[in-house]
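Engineer: Sharing a structure, written as structure tokens. Questions coming.
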Amino acid sequence: FTLFLERLGKAMQMDEISQEIGLDLQTEALLVRAEQLARLETDKLVDKVEIIINLNN
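Those letters in the sequence shown? Residues 1 to 57, per the numbering used here, in order.
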């Protein structure tokens, strides 16, 4: 399980932070990072849709 958390942290570019905090905080930090990435992806998608709509007008 800890190896999985380490690999997940590395994939989410949090490997340095993951090594410095305990297991409880590590899972919370990964969850917060996943939520942040989801929001960024949603914002990016909205921007693309707005650009397409503007190009079609």
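By construction, the Cβ of each residue, glycine as well, lies at the ideal position given by its N, Cα and C atoms.
On the CB-based measure, 16 or more other CB atoms within 10 Å of its CB, does Gln26 come out buried or exposed?
Structural biologist: Gln26 should be labelled buried.
Engineer: Please state whether the Cβ-Cβ distance between Leu23 and Leu8 is less than 8 Å.
Structural biologist: Contact: no.
Engineer: With DSSP run on the structure shown, which of helix, strand or coil describes Phe4?
Structural biologist: Three-state result, Phe4: helix.
Engineer: Find out if the Cβ-Cβ distance for the pair Met14, Arg33 is shorter than 8 Å.
Structural biologist: Yes, the Cβ-Cβ distance between Met14 and Arg33 is below 8 Å.
Engineer: To the nearest angstrom, how far is the alpha carbon of Glu50 from that of Asp43?
Structural biologist: About 11 Å.
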